[in-house]
Structure formats: C-alpha cells, structure tokens
Amino acid sequence: MLVGPTPPVFSAVACAGVVAVPATRAMARTVVSTVLQVRFTVFLPIEVRVLAGSDRVVTPEPGAAGVGPCQSTVPLGDPLVTRRPPGPVTGTPGPTSVAYPRSMRDRRSALLWVAFAVAALISVVLVLRRPDRLSDLHIYHGALTDLRAGRPLYAYVAANGGPFTYPPFAALVLWPITTVPLGVVEAVWLAATCAAVVALAVPVARALAGGRTRRPATVAAIAVVLMLSAPVQSNLRFGQVSIFLVLLALHDATAGPSRARGVLVGVAAAIKLTPLLFVAYFLVSGRYRDAGRAAGTFLACGALALVILPTESLTYWAGTVTQTSRIGNLASLGNQSVHGMLLRLGLPDTALPLVWAALVAVICAVALLRARQLAGQGRPGHAAVLVGCATVAASPVSWTHHQVWPVLAAMLLIGAAGVNRRVAGAALLASMVLSLGVVLGPVSTRPGVQFLFENARTLGVCLLCVAGFGAVAAVTRPAQQAALRPAHRATARRAWLRAGVATAAVLAFFAVQPLPAGADPTFKAYGPTELGNPRYFFVCRGSVECADFGTDAPVTFGTRSEKTKVRVNGVVSAQVDRLEYHSAPGGPPRGIPLLAAYPGVRTFSFRSATMTHGRLVAYAADGRQLASYDDELAAALARSG
Numbered sequence: 001m002l003v004g005p006t007p008p009v010f011s012a013v014a015c016a017g018v019v020a021v022p023a024t025r026a027m028a029r030t031v032v033s034t035v036l037q038v039r040f041t042v043f044l045p046i047e048v049r050v051l052a053g054s055d056r057v058v059t060p061e062p063g064a065a066g067v068g069p070c071q072s073t074v075p076l077g078d079p080l081v082t083r084r085p086p087g088p089v090t091g092t093p094g095p096t097s098v099a100y101p102r103s104m105r106d107r108r109s110a111l112l113w114v115a116f117a118v119a120a121l122i123s124v125v126l127v128l129r130r131p132d133r134l135s136d137l138h139i140y141h142g143a144l145t146d147l148r149a150g151r152p153l154y155a156y157v158a159a160n161g162g163p164f165t166y167p168p169f170a171a172l173v174l175w176p177i178t179t180v181p182l183g184v185v186e187a188v189w190l191a192a193t194c195a196a197v198v199a200l201a202v203p204v205a206r207a208l209a210g211g212r213t214r215r216p217a218t219v220a221a222i223a224v225v226l227m228l229s230a231p232v233q234s235n236l237r238f239g240q241v242s243i244f245l246v247l248l249a250l251h252d253a254t255a256g257p258s259r260a261r262g263v264l265v266g267v268a269a270a271i272k273l274t275p276l277l278f279v280a281y282f283l284v285s286g287r288y289r290d291a292g293r294a295a296g297t298f299l300a301c302g303a304l305a306l307v308i309l310p311t312e313s314l315t316y317w318a319g320t321v322t323q324t325s326r327i328g329n330l331a332s333l334g335n336q337s338v339h340g341m342l343l344r345l346g347l348p349d350t351a352l353p354l355v356w357a358a359l360v361a362v363i364c365a366v367a368l369l370r371a372r373q374l375a376g377q378g379r380p381g382h383a384a385v386l387v388g389c390a391t392v393a394a395s396p397v398s399w400t401h402h403q404v405w406p407v408l409a410a411m412l413l414i415g416a417a418g419v420n421r422r423v424a425g426a427a428l429l430a431s432m433v434l435s436l437g438v439v440l441g442p443v444s445t446r447p448g449v450q451f452l453f454e455n456a457r458t459l460g461v462c463l464l465c466v467a468g469f470g471a472v473a474a475v476t477r478p479a480q481q482a483a484l485r486p487a488h489r490a491t492a493r494r495a496w497l498r499a500g501v502a503t504a505a506v507l508a509f510f511a512v513q514p515l516p517a518g519a520d521p522t523f524k525a526y527g528p529t530e531l532g533n534p535r536y537f538f539v540c541r542g543s544v545e546c547a548d549f550g551t552d553a554p555v556t557f558g559t560r561s562e563k564t565k566v567r568v569n570g571v572v573s574a575q576v577d578r579l580e581y582h583s584a585p586g587g588p589p590r591g592i593p594l595l596a597a598y599p600g601v602r603t604f605s606f607r608s609a610t611m612t613h614g615r616l617v618a619y620a621a622d623g624r625q626l627a628s629y630d631d632e633l634a635a636a637l638a639r640s641g
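Going by UniProt numbering, the sequence shown opens with residue 1, and the numbers climb by one from there.
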C-alpha cells in the first residue's frame with residue numbers, strides 16, 4: 001500500500017478555503033473538490049502502477065504528520081473518500097482509505113476476460129485446423145468403440161500407432177463419448193478444456209490472496225497465462241484428459257473441511273495413477289480421514305471396473321500397467337520427467353532403475369515435507385501445487401500435457417513477495433511457455449549447455465520440489481510480510497542465497513560436461529555441393545582407393561576433430577539404402593545424404609558437437625536395420641585424437 005500525506009498544494013488550497021470569508025467559503029469548497037478530482041485523475045494511475053494490484057490507497061487521519069491542520073475542517077464530500085474508525089497506519093487499509101474507482105477495476109477485469117476469450121478462440125481454431133487434431137481423444141473414442149464391439153481394450157491401436165494406456169476405470173468414465181457423434185464430442189471437449197482453465201485459475205488466485213476471495217481480474221490474468229502455456233496448448237491439441245485430473249486433485253486438496261474431501265483425489269488416481277501421491281500428502285499432513293477416503297475411493301473405483309470389465313482389469317493390472325514402452329519413446333524431449341532425463345543421459349540399463357528410484361524417493365520425500373510445512377502455515381494451495389509438481393518429476397512419463405502443475409507453481413512464485421521468488425517464477429514460467437532448447441540454442445553450442453536448455457523443465461521442477469516456495473510461505477500482503485519476525489526473513493534470504501549458489505554451481509558443472517544434447521545446433525550433413533572440397537572425404541581418395549573399402553561391412557567411417565566440432569566421413573556398401581544419425585538418446589533422427597563421389601562408390605560426411613552419445617544407424621531398402629554404431633564412433637574419435 002502507498003501511505004503518505006496529501007501533497008502540499010492540496011493542503012494549501014484547503015486552508016485557503018477555510019480562512020476565506022463566509023461568502024466565498026462555498027466557492028472554496030468547490031475549488032477544493034475540483035482540485036482533488038484532478039488529483040485522482042492525474043496521480044491515481046501512477047499510484048496504481050506503484051501498488052501493482054493493491055485495491056486501496058491509504059491516507060492518514062487529519063492531523064497526522066505532513067497533513068495540514070485545516071484539512072480536517074473541510075467537508076470535501078468526495079464520493080471516493082471513505083471514513084473508517086481510527087487505527088494504526090500500516091500497509092493494510094488504515095483509518096482513511098481511498099478506493100479505486102469501480103469503473104477502473106471493472107475495465108481492467110473486462111479487458112483481461114476479453115483477452116482470455118480471444119486466446120481461447122484462437123487456440124481452438126488452430127487446433128481444428130490441424131490434420132492430427134485431438135488425436136488422443138480419437139484414441140479414447142476408437143478404443144471404447146472397439147470395446148463396445150467386443151474387442152479387447154488394450155489391443156486397440158489407433159492409426160497413429162497410439163494405444164489406450166489408462167486404467168480400465170478410465171474407460172468407464174469416458175464411456176459416454178461413444179454415445180454421441182464424434183464432432184459433438186470434439187466441440188464439447190474443447191469447451192470443457194477452456195472451462196477447466198478458468199476453474200484452475202480460481203484456487204490459484206485464492207492461494208495468492210492468502211485464502212480470501214480474489215478479484216475477477218486476478219482470476220482472468222491467471223487464466224490468460226494458463227491458456228498461453230505449452231501444457232494447456234498441448235491438452236487442447238491432443239484432446240487430453242490430464243488437465244481435468246489436475247483440476248480434481250487441486251480442488252480436493254485445497255477444499256475446506258468436508259466429509260467428501262479426498263474423494264476427488266481417489267477418482268483422479270483411478271483414472272491415472274500419479275495422483276496417488278496426494279494420499280501420502282494427506283498422511284504426512286495429519287489428514288488421515290482424507291487419506292482414507294482417497295484410498296478407499298481409488299480401491300472402490302478399481303473394484304467397480306473389475307466387476308464391469310473383468311478381462312480388461314486383469315489384463316491391465318497383470319502386465320499392461322508396467323509396459324511403459326507402449327506409451328512411446330520415453331527418451332524424447334517431450335518426456336520431462338526425471339526418468340526421461342536419465343534416459344537422455346544414456347545411463348546403462350542396469351544402473352538406470354536404481355538411480356531413478358533413489359532420485360524419485362528423495363524428491364518426493366522432500367516435497368512432501370515442504371508441503372506439510374506449507375499446509376501448517378495455512379497455505380494449502382501452495383502445498384497442493386508442490387505435491388503436484390512432485391508427481392510430474394516422479395512419474396516415468398510426463399509429456400507436455402501432464403505439466404500443468406509447474407505452470408501453477410510459477411504463478412504462485414511470481415505472485416509472492418521477494419525478488420528471488422518472482423525471478424524464479426518468471427524463469428520457470430518461461431520454460432513452460434517456450435521451448436528453451438530451440439529459443440536459447442544459439443546461445444552456446446556446448447553439449448552441456450544444450451542439455452540444460454533441453455531439460456530445463458525437469459531441472460526446474462526438481463529444484464522447486466527440493467526448495468519449496470522458500471524458507472517461509474509466500475507472502476502477498478504487506479501486513480503479513482511485516483508480521484514476520486526479522487529472523488524468519490533472514491532465514492528466507494539465507495535459504496534462497498544457498499539455493500542460488502548451489503544452482504549456479506550445478507549449472508557451471510553441467511555446462512562443462514559432455515552431456516548428450518539432442519538439439520546439436522552444430523550438426524550439418526554435407527550434400528552434393530560440398531563434393532569439391534577434398535577434406536570432407538579423407539577416408540579414401542578416388543574410385544580405386546575407395547574400392548578397397550567395399551567390404552561386407554555396411555558402413556566404413558573415420559572421424560576427425562576440428563576445433564569445437566567432430567567430422568565423420570565414410571563409405572557405405574551397396575546394401576545400405578538410408579543412413580541416420582542420432583546426436584543423443586531420444587534425439588531426433590537426422591538423415592545423412594549418400595553421395596556418389598566416385599563411380600560405384602557412395603560416401604557421406606557430417607559434423608556434430610560430440611560423438612560421446614552419438615549413434616549412426618544404417619538401414620536397408622525394406623526398412624531393416626543393418627548396423628548401428630555408437631561406442632565405435634567414440635572409439636574412432638579417440639584413435640584419431
């Protein structure tokens with residue numbers, strides 16, 4: 001809040017009106033009111049910007065320091081001025097407070113809601129223009145249509161290769177979509193997704209307001225940010241159910257005391273298993289009845305599915321639930337879970353499960369303890385969002401449409417007090433709106449830096465789960481911030497300082513490591529126009545020399561280091577039809593042109609940032625894999641070095 005005296009010019013005008021003769025006193029009052037109206041017209045917009053969203057401007061009582069003694073004797077009659085009982089002048093509304101004009105608040109709120117409507121409309125139109133629109137919704141519809149026809153639910157494969165991956169209870173919940181035309185289902189699903197965005201904004205706004213009712217403008221602003229984020233756009237594009245599960249868990253975890261609290265978490269967990277972590281949150285927070293209701297609802301939903309769909313239930317729980325390979329390439333950059341990041345690191349298959357289990361256990365344990373502290377401080381919204389972020393980190397698969405929780409966390413950080421929190425929130429939000437691997441790729445071609453950009457969401461979520469929202473709960477009101485003891489604020493500053501130093505050290509360490517970077521901005525495959533440069537093809541010179549390489553080996557190659565890049569040149573046999581290079585596990589395949597450099601000989605040449613995690617694959621004309629080289633690339637580079 002902005003606290004301070006009325007500017008001297010206004011006090012002078014007021015005193016002039018009081019000492020004037022009675023005949024001119026009415027005119028003086030008119031002048032004073034006019035000048036004060038000018039103050040509200042000229043100075044109020046400046047105060048609005050300074051207050052950054054506060055509802056009221058506080059002025060001291062007449063006679064306070066800096067206020068002229070004549071001021072209290074003037075009956076101003078300004079409709080914007082309200083009187084309150086005497087009280088201390090603090091950051092909260094004090095004795096005399098001036099409310100912002102309702103028209104200004106209404107106009108801002110209306111503009112934000114219009115912005116949300118425009119963003120939602122454009123998003124829906126862009127989705128409908130895509131040939132692959134709502135592909136996951138089509139999988140739900142196709143799988144349930146097959147089930148109604150008597151075919152196995154988990155044997156269904158869509159045209160794009162996608163299977164049905166949810167528990168059988170999800171099939172019961174989604175069953176009604178097969179009873180209406182698919183076009184109607186698409187329209188209703190898109191509208192429901194947009195409505196879910198608004199419904200998610202309400203508890204976030206309430207958390208920012210410390211549990212109090214928040215203004216519609218705040219809800220609208222949060223809804224706009226959510227709509228523009230990559231996770232919500234992904235939910236719209238694929239017709240995903242993920243956003244509805246986040247909505248169920250968030251509203252249930254932040255609801256007031258109720259006999260039904262915990263039921264929605266149980267339903268969400270029966271549709272997708274990851275919300276089960278909220279049961280653990282209820283337990284560590286002392287909400288034992290809520291945990292019991294959530295677990296009981298989960299088991300009841302599973303039992304209902306077992307009765308109605310016995311074959312599908314046995315198939316799922318006996319094997320399908322553990323077959324993560326059905327979901328897709330888990331090493332791709334879209335999977336921003338800890339498991340996905342470890343896959344992209346290229347850890348050995350024997351070590352990967354142990355490392356993943358250890359990291360997930362630590363992340364979840366610390367996040368649950370942080371969430372318990374937040375709940376004890378009266379911040380159930382912050383606690384629920386933190387637990388949700390832990391589910392994103394811990395799940396074996398966290399595609400973009402699963403990552404709604406980090407967007408909510410970013411807005412809670414931005415709305416908190418303290419520069420550190422707001423900067424951290426802005427950085428997290430940037431990673432959830434943009435693809436940093438693409439946007440920041442030109443900043444540095446070092447594989448370690450590229451790896452950080454590509455895995456920014458995973459690293460940000462893990463850091464949030466460990467650090468929480470700071471050493472103390474996020475504070476949004478100046479009065480609440482003033483109520484914190486100085487020792488608590490010092491503890492918070494020290495905690496963020498330690499976190500900042502540790503983060504900088506980790507970033508510096510990773511930056512100098514030869515980490516696998518799927519983007520590899522230095523990659524270039526040379527084509528026919530480079531045939532004139534002989535240094536590109538040093539494996540052999542001329543058709544006679546290259547004929548000696550025409551062995552049974554599909555690919556013969558050599559490597560050469562050139563400053564910050566590595567060049568690979570080689571010859572392929574007649575049976576090779578296609579050559580691809582993967583810069584890192586989960587990285588996109590890159591086609592390598594096969595060039596007729598000499599009669600009867602096909603050569604190739606490409607460059608990359610490093611061969612440490614690279615993989616060269618040769619294919620036959622029928623698509624069979626003929627050969628794969630990964631360790632051989634690094635070994636050849638070591639020999640050439």
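Just so you know, even glycine gets a beta-carbon here, dropped at the ideal spot from N, CA and C.
Beta-carbon gap between residue i and residue j smaller than 7 angstroms
i	j	result
Leu626	Phe604	no
Val461	Val392	yes
Phe244	Asp136	no
Leu248	Leu264	yes
Arg590	Tyr581	yes
Ala207	Ser109	no
Val284	Arg148	no
Ile177	His138	no
Ile592	Ala504	no
Ala205	Ile222	yes
Val197	Val173	no
Leu343	Ala331	yes
His595	Val572	Correcting the residue identity first, residue 595 is Leu in this sequence and not His. Result no, Cβ atoms of Leu595 and Val572 do not sit closer than 7 angstroms.
Ser242	His402	yes
Leu144	Ala170	no
Val385	Ala409	yes
Ser398	Gln450	no
Neighbour-count burial assignment, residue i, 16 or more Cβ in a 10 Å radius
i	result
Asp631	exposed
Leu121	exposed
Ser561	exposed
Ala268	buried
Asp106	exposed
Pro93	Note on Pro93: pLDDT 41, under 50, position unreliable in the model; the coordinate value appears next. With 16 or more Cβ atoms within 10 Å of its Cβ, Pro93 is classed as buried.
Arg151	exposed
Asp349	exposed
Pro528	exposed
Ser325	exposed
Asp290	buried
Gly68	With a pLDDT of 41 at Gly68, under the threshold of 50, the modelled position of this residue cannot be trusted, and the question is left open.
Pro380	buried
Pro86	Unreliable positioning characterises Pro86 in this predicted model, as indicated by a pLDDT of 44, which lies under 50. The coordinate reading is nonetheless provided below. Its Cβ having fewer than 16 others within 10 Å, Pro86 is exposed.
Same chain only: Cβ atoms within 6 angstroms of residue i, ignoring 5 sequence neighbours per side
i	result
Gly266	Ala294, Thr297 and Phe298
Ala618	Pro554, Val555, Val576, Leu579, Leu626 and Ala627
Gly388	Trp405
Ala65	Low confidence applies to Ala65: its pLDDT is 40, below 50, so where it sits in the model is not reliable enough to give any reading.
Ala255	Arg261
Ser123	Leu236
Val568	Phe557, Thr559 and Phe606
Neighbourhood of residue i by C-beta distance below 8 angstroms, restricted to the same chain and skipping five residues each side
i	result
Tyr288	Phe282
Val566	Thr559, Arg560, Arg607, Ser608, Ala609, Thr610, Met611 and Leu637
Pro45	Unreliable placement is indicated for Pro45, whose pLDDT of 40 sits below 50; no coordinate value is reported for it.
Leu182	His138 and His141
Close beta carbons around residue i, own chain, < 7 angstroms, minus the five adjacent residues each side
i	result
Val224	Leu112, Ala115, Phe116 and Ala119
Limits of the unbroken alpha helix (DSSP H) element including residue i
i	result
Gln373	Leu352 to Gly376
Gln450	Pro447 to Glu454
Gln233	Ala230 to Phe238
Leu137	Ser135 to Arg148
Range of the contiguous beta strand (DSSP E) that encloses residue i
i	result
Gly570	Lys565 to Val572
Thr603	Val601 to Ser608
Glu580	Arg578 to His582
**Message:** Contact between the stretch 310-322 and the stretch 276-290 is defined here as three or more beta-carbon pairs at a separation below 8 angstroms; is this criterion met?
**Reply:** By the Cβ test, the stretch 310-322 is not in contact with the stretch 276-290, since fewer than three Cβ pairs between them sit closer than 8 angstroms.
Pairing CB atoms from the stretch 372-390 with CB atoms from the stretch 427-436, are three or more of them under 8 angstroms? Not touching, per the Cβ criterion.
Cβ contact check for the stretch 345-360 and the stretch 183-191: 3 or more pairs under 8 angstroms:
At 8 angstroms Cβ cutoff, the stretches do not touch.
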